[in-house]
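Residue numbers (the numbering used here), protein chains in the order written: chain A, 10 to 134; chain B, 10 to 134. Backbone N, C-alpha and C define an ideal beta-carbon position, used for all residues, glycine too. Note that the structure is a prediction, hence the values are computed from the model and not measured.
2 protein chains.
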Amino acid sequence: MSRSRDAVHEILRQSAAFRSAQDIFTEMRADGSKIGLTTIYRALQALNDDGRVDVLRTDDGEAVYRACATSAHHHHLVCRGCGLTVEVDGPDVEVWAERVGAEHGFTAITHTVEVFGTCAACAKG
Amino acid sequence: MSRSRDAVHEILRQSAAFRSAQDIFTEMRADGSKIGLTTIYRALQALNDDGRVDVLRTDDGEAVYRACATSAHHHHLVCRGCGLTVEVDGPDVEVWAERVGAEHGFTAITHTVEVFGTCAACAKG
DNA sequence: AACCGTTTTGACAATCATTTTCATTTTCTG
DNA sequence: CAGAAAATGAAAATGATTGTCAAAACGGTT
């Protein structure tokens, strides 16, 4: 529901990179929208609750969001330069995480795995 | 150098969990120290620059620190209940990350991998 | 011990992302 | 269309972190 939420979702769909709330706000305002920053935060939170967008934290603690193609469990390969993101799979990693947890008596294992690098385009400068 | 920095380092050494700046501040003040919060932030930053402490972000974006036993590359298995942390190794994961990056033309690959779970003690309640 | 330049420290203000509050507007539903 | 419920935006409140700056602690030197 809600027009704003769809608009925010749409912005994310059109971007291959993770985007911050401020970032989305700036783009939408530039496009003539009168949306408020608060609404964007609410939309992102709702989209995330519904599993429609993924969120991760940058090194400086800012939350960034992305509309991923799949809702299945996956990881990200993110370009440090332009933010270009590729969704990747890591069956071995899933198994490893479970095993490591079990070996130390931990249960209800979850994990976060993100891979960073410089994409081919950015490497050229 | 600096007394405060050693004091902060010492607090971390005595904890198996990741700790926040505020958290460390509260403990030191309770112990009678007159240290300021600013100094703690500076100490943590310096210790991190020197590679003496690891840092990671909680889900709500707070930075938490830990003095790890090894300075070599490793990952963490963290208890969601008490924060108890075990340093773990994942050779397969390193290889996987490199391969995934290379497959997509990315260079200068790095990665973050953290495993969360409930430790045996916390599972008992 | 008194002196002096350097480093460290801590109180306080400033920043920045995010959340809350609250009154207004929009959307639904009957 | 009325009236209730949900959504919105502006502005204030939070909370972590950083910047500022003057006071305090050091270190080495007479």
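Please list, in chain order, the chain B residues whose beta carbon lies closer than 9 Å to that of E123 of chain A.
H120, T121, V122
Can a CB atom of chain A be found closer than 8 Å to the CB of F27 of chain B?
no
The beta strand (DSSP E) that contains L65 of chain A, what's its start and end?
63 to 66
Contacts of T79 of chain B in chain A (Cβ-Cβ under 7 Å)
Correct list: empty, because the minimum Cβ distance to chain A is about 16 Å.
For H113 of chain A, would you say it is in contact with chain B, using Cβ-to-Cβ distances shorter than 8 Å as the test?
yes
For T48 of chain B and D15 of chain A, what's the separation of their Cα atoms in angstroms?
45 Å
Can you pull out the residues from the region 85 to 97 of chain B whose beta carbon lies closer than 8 Å to at least one beta carbon of chain A?
L86, C88, R89, V95, V97
Three-way DSSP call (helix, strand, coil) for A52 of chain A in this model
helix
With DSSP run on the structure shown, which of helix, strand or coil describes S13 of chain A?
helix
Could you round the C-beta distance between H84 of chain A and C77 of chain A to whole angstroms and report it? I think they count as a contact, below 8 Å.
With 8 Å as the limit, H84 of chain A and C77 of chain A do not qualify as a contact, their Cβ atoms being about 10 Å apart.
Note the first and the last residue of the continuous beta strand (DSSP E) segment covering C88 of chain B.
84 to 88
Using a Cβ cut-off of 8 Å (strictly closer), state whether D15 of chain B contacts chain A.
no
First through last residue of the alpha helix (DSSP H) which encompasses G126 of chain A:
Element bounds for G126 of chain A: not the alpha helix (DSSP H) but the beta strand (DSSP E), 116 to 127.
Helix, strand or coil for E71 of chain B? Go by DSSP, reduced to three states.
coil
Which same chain residues, not among the five before or five after V123 of chain B, have their C-beta less than 7 Å away from its C-beta?
Looking at the sequence itself, residue 123 of chain B is Glu, so the reference to Val does not match. Here the set comprises L65, H84, H85, V87.
Nearest by alpha-carbon distance to Q31 of chain A: which of A:D40, A:S13, A:Y50 is it?
A:Y50
Can you name, in chain order, every residue of its own chain whose Cβ lies under 7 Å from the Cβ of G110 of chain A, other than the five neighbours on each side?
I118
Residues of chain A with CB under 7 Å from D101 of chain B, in chain order?
D101, W105
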